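In what follows, a single structure is set out as structure tokens and then discussed.
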Amino acid sequence: MKKIKVVTAKIGLDDHYRGIISVTDALHKAGMEVIYLGAGQRIDGVINAIVQEDADAVGLSFLCGGHVEIMRKFMEKLKENNLNNILVIIGGIIHPQEIPELKEMGVGEVFLPGTLTKDIATFVKQKAQSAI
Amino acid sequence: MIKAKEINDKYREKETDYTTSSGIELKNVYTEEDIADINVKEEIGLPGEFPFTRGHHPMMYRGKLWNIREIAGLSSPKAFNKRCKYLLELGQGVLDWEIDGPTMYGIEPDQPYSQGQIGVTGVTLHCLKDVEELSKDMPLDVLSISSDTFYPDIWQSYILVAKKQGYDTTKLRGVGGGIYYYGPAIAPSKMDWLIHDGRFSTCARWGNDFMEYVLKNMPKWNIWFTSSYDFREAGGNAIHEIAFTLSIRDEIIREMKKRGVDVNTTARQLSPVLASDRDFFEEIAKFRAGRKIWAKTLKEKFGANDQNAMKLRFHVDVSGSNYTRQQPLVNVARGTLGTLAAVIGGSMGIQNPSFDEGWAIPTEEAVRLAIRTQQVIRYESGVTKVADPLAGSYYIEYLTNKIEEESLKMYNEIEKMGGWIEVIRSGWVHSQLSKGLLEIQRKVENGERPVIGVNCHTIPTEEDYQPEVYKPDTAEVEEYLAEYKTFKDKRDNNKLKTVLEKLRNTAEKTNDNLVPYVFDALEADATFPEIIGVLRMVDGLEYDWAGERKYPF
Chain A
311 MKKIKVVTAK
321 IGLDDHYRGI
331 ISVTDALHKA
341 GMEVIYLGAG
351 QRIDGVINAI
361 VQEDADAVGL
371 SFLCGGHVEI
381 MRKFMEKLKE
391 NNLNNILVII
401 GGIIHPQEIP
411 ELKEMGVGEV
421 FLPGTLTKDI
431 ATFVKQKAQS
441 AI
Chain B
8 MIKAKEINDK
18 YREKETDYTT
28 SSGIELKNVY
38 TEEDIADINV
48 KEEIGLPGEF
58 PFTRGHHPMM
68 YRGKLWNIRE
78 IAGLSSPKAF
88 NKRCKYLLEL
98 GQGVLDWEID
108 GPTMYGIEPD
118 QPYSQGQIGV
128 TGVTLHCLKD
138 VEELSKDMPL
148 DVLSISSDTF
158 YPDIWQSYIL
168 VAKKQGYDTT
178 KLRGVGGGIY
188 YYGPAIAPSK
198 MDWLIHDGRF
208 STCARWGNDF
218 MEYVLKNMPK
228 WNIWFTSSYD
238 FREAGGNAIH
248 EIAFTLSIRD
258 EIIREMKKRG
268 VDVNTTARQL
278 SPVLASDRDF
288 FEEIAKFRAG
298 RKIWAKTLKE
308 KFGANDQNAM
318 KLRFHVDVSG
328 SNYTRQQPLV
338 NVARGTLGTL
348 AAVIGGSMGI
358 QNPSFDEGWA
368 IPTEEAVRLA
378 IRTQQVIRYE
388 SGVTKVADPL
398 AGSYYIEYLT
408 NKIEEESLKM
418 YNEIEKMGGW
428 IEVIRSGWVH
438 SQLSKGLLEI
448 QRKVENGERP
458 VIGVNCHTIP
468 TEEDYQPEVY
478 KPDTAEVEEY
488 LAEYKTFKDK
498 RDNNKLKTVL
508 EKLRNTAEKT
518 NDNLVPYVFD
528 ALEADATFPE
538 IIGVLRMVDG
548 LEYDWAGERK
558 YPF
């Protein structure tokens, strides 16, 4: 069976990496191949990495706001690059009332603080496996 | 029906973790035997006396209480000026100016990358006029301001504003000016903020130039040279916190020495931000050990002899990462304990996060409760009456020595590896922190590290308390952006070009102190991103960090 491949990153003016590193580690431990690009990434850089790596999923973390604006542009870029089938998950300091808007854009799931990383790994495994 | 077994288990519940949060193994009880090796006079001594284990001042809080300095920063300078006044009305005597992402990264507020992030995690400040607006109606001769700005842009503007208002700028009080030394440890993608091509980046050189300027001209200014609190937030423990703090200090002492500033002058004005994390006694012991090692190493390693240089004065941030999004009111208890540890440890400034930390920057109501919590400890608990009240406790003295020993070991190890700049460049610091954070996460997930509301004593989300959440007023931000555009359009471009070129040439071709050239640029209405941009160009970096703007001239 093909290994699930995930790209993780932080886009925007935000260096709070504790969450994304924990999630990256949990996905890796759950048997996935994970490429962590680091914090301070630009949208195009992440899209390029997804294309190059032929990733099945992408995980982004936001703790300093701007996620609605960034995700709108990010999802548009995904479509432009015909990456409609990729699973997109995000997490961090996100207000509950923003979640419906984010999901409407095509975000697969929004994980809030306190979520156990093993639950995120289980979610990605189930969703991405069925897509492969 | 409540089950008998559950009741019995609760009744029999006991402590099962026998280590401190930094991993020191603990006995059930400590006795005089555990401190038999400690020379009480030399190692513990008295408050205000070398090695300052018991406090920096003989009178401690009878001489001066700690500053209540809540982290603050939001929206536009105009809106934040109002919040600052509110904080002063609530009983704060000092202020903190936390900046937003665009300001911290040195990019323009009107460029695409800033969208949605203006004024969200702090105030947006981009030019001299903004700092003037924020300082309005404030007594700059007595007010101490801190800010987490990496570079001296805000501080140099602040000095110009004070000068314009007729204040004696040599008497200004502030807390800031050196945090680019620690930044890349927690933001590894920004290594070039500190190091470029194996030496200080041009932006860091500007920071060093400003530090030299402060040490030679502004004796009341405290140089906030590391937010060692962040090392804890990023996964480090109490040992990392103290060892890293000392290693950064050494790097600064050496750099200032090259510039003709002696160790006594430098150390007198250096002040770190430390953390108050969740292991109550270990944190108290850490503060005591930190003061002791600071004094001893300054004396033994650098030959410092000024008592004021050897007494470590620090501000404490109570750890926000221990606050939970779930059951947010429980955070008030966490904040109380963290604040209390800092007070017993002899801190001279404390920030206690507001209970809505896991949601957004605080509402007025939330920050009021955080301040009131500090005030309950100040005025109702009685803990401020006697200096270093836990001295002589077998456990505290044992732990103080143990942390001193472990921190010194790591501090010497760092020195062997080449010092702070080298261990940050090599990625050693980052890997230490990452290991720590994964270990904490592992313990949270398997229940070894209880977090109420997250892995124990949870309640369904729908039953949980929903705090009112602060959101920046988009009208305030739009008004700011409109004014910013008018301001930029009205500038004299020839003059602007002259000052920016002068700054760039000076940085490129000379070793002159850049501070006067930045003053000139600010007075010609250069924006902070323009100043940072030309200095980045000197290192061959993109003018704009986000790659969206080109150098206009």
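Those sequence lines, one after another, are chains A and B. According to this note's numbering, the first sequence is numbered sequentially starting from 311. According to this note's numbering, the second sequence is numbered sequentially starting from 8. A virtual CB, placed ideally from N, CA and C, is assigned to each residue, including glycine. Fair warning: this is a prediction, and the values are worked out from it, not measured in the lab.
### Message
List, from N- to C-terminal side, the beta strand (DSSP E) runs of 3 residues or more that fit wholly inside the segment 395-462 of chain B.
### Response
none
### Task
Check the Cβ-Cβ distances between A/A349 and every residue of chain B, and say whether any is below 9 Å.
yes
#### Entry: When B/L167, B/S433, B/N462, B/G399 are compared against B/Y37, the one with the closest alpha-carbon
B/G399
### Residue closest to B/K265, alpha-carbon to alpha-carbon, out of B/D313, B/C463, B/M218
B/M218
### Task
Identify which residue in B/A553, B/K416, B/Y558 has its Cα closest to the Cα of B/E537.
B/Y558
### Query
Is the Cβ-Cβ distance between B/R295 and B/T391 less than 9 Å?
no
#### Entry: Option nearest B/E475 by Cα separation, candidates B/Q381, B/V525, B/I368, B/F535
B/I368
### Query
Over what stretch of residues does the beta strand (DSSP E) that includes B/P279 continue unbroken?
277-283
### DSSP-derived helix/strand/coil call for A/T318
In the three-state DSSP reduction, A/T318 falls in the strand class (E or B).
### Query
If you run the structure through DSSP and keep just helix, strand and coil, what is A/Y346?
The three-state reading of DSSP puts A/Y346 in strand, counting E and B together.
### Task
Mind reading off the beta-carbon distance from B/I410 to B/I291? Whole number of angstroms is fine, and I expect it under 8 Å.
10 Å between Cβ atoms; not a contact.
### Query
Which runs of the beta strand (DSSP E), 3 residues or longer, sit entirely within the segment 127-209 of chain B?
152-154
### Query
Would you call the segment 499-514 of chain B and the segment 522-540 of chain B in contact, with 3 or more CB pairs under 8 Å?
The segment 499-514 of chain B, when compared against the segment 522-540 of chain B, does touch it at the 8 Å Cβ threshold.
### Query
Of the residues B/Y188, B/D148, B/D117, which one's Cα is nearest the Cα of B/E429?
B/Y188
### Task
Name, please, each residue of chain A whose Cβ falls closer than 9 Å to the Cβ of B/G98.
Chain A residues near B/G98: none, gap ~28 Å exceeds 9 Å.
### Query
What did DSSP end up calling B/W301 once you bin it into helix, strand or coil?
helix
### Query
Can you name the residues of chain A whose CB is closer than 7 Å to the CB of B/R332?
L422, P423, G424
### Query
In or out: B/K293 buried (at least 16 other Cβ within 10 Å) or exposed?
buried
### Message
What I want to know is whether the C-beta of B/R375 ends up closer than 8 Å to one or more non-hydrogen atoms of the ligand COA.
### Response
For the ligand COA, the structure offers nothing, since it holds no ligand at all.
### Query
Going along chain B in order, which residues have a C-beta closer than 7 Å to the C-beta of A/E379?
Q122, G123
### Task
Go through the segment 217-254 of chain B residue by residue and report every complete run of the alpha helix (DSSP H) that reaches 4 residues or more, in order.
236-240
### Query
Shorter than 9 Å from the beta carbon of A/E428 to some beta carbon of chain B?
The displayed chain sequence assigns Lys, not Glu, to residue 428 of chain A. Closer than 9 Å: yes.
### Task
Pull up the distance between the alpha-carbon of B/G126 and that of B/G108, whole angstroms please.
In this structure, the CA atom of B/G126 is about 8 Å from the CA atom of B/G108.
### Query
CB-CB under 7 Å to A/H338, same chain, minus the five flanking residues each way: which ones, in chain order?
Within the same chain, A/H338 has close Cβ partners V344.
### Task
Go through its chain and collect everything with a Cβ distance to B/S441's Cβ below 7 Å, but skip five positions before and after it.
G242
### Query
Should B/C463 go down as buried or exposed, given a rule of 16 or more other Cβ atoms within 10 Å for buried?
exposed
### Query
What are the boundary residues of the beta strand (DSSP E) that B/H322 is part of?
322-325
### Task
Classify B/N74 as helix, strand or coil using the three-state DSSP reduction.
strand
### Query
Can you tell me where the alpha helix (DSSP H) with A/D354 in it begins and where it stops?
Here the alpha helix (DSSP H) through A/D354 covers 353-363.
### Message
Taking the straight line between their C-alpha atoms, what separation do you get for B/W301 and B/H322?
### Response
15 Å
### Query
Can you list the residues of chain B that A/L323 reaches, using a CB-CB cut of under 7 Å?
G108, P109, M111, Y112, Q124
#### Entry: Whole alpha helix (DSSP H) elements within the segment 328-356 of chain B, 4-residue minimum
338-351
### Task
Under 8 Å by Cβ, that's how I've got B/I186 and B/W228 pegged, so tell me the actual separation to the nearest angstrom.
Wrong, their Cβ atoms sit about 14 Å apart, outside the cutoff.
#### Entry: Minimum Cβ-Cβ distance from A/G473 to chain B less than 9 Å
Here chain A has residues from 311 to 442 only, and residue 473 of chain A is not among them.
### Residue of B/K171, B/T176, B/S234, B/P159 minimising C-alpha distance to B/N520
The option with the nearest alpha carbon to B/N520 is B/P159.
### Message
Any beta carbon of chain B sitting closer than 9 Å to that of A/D335?
### Response
Under the Cβ distance rule, A/D335 counts among the residues neighbouring chain B, one pair being separated by less than 9 Å.
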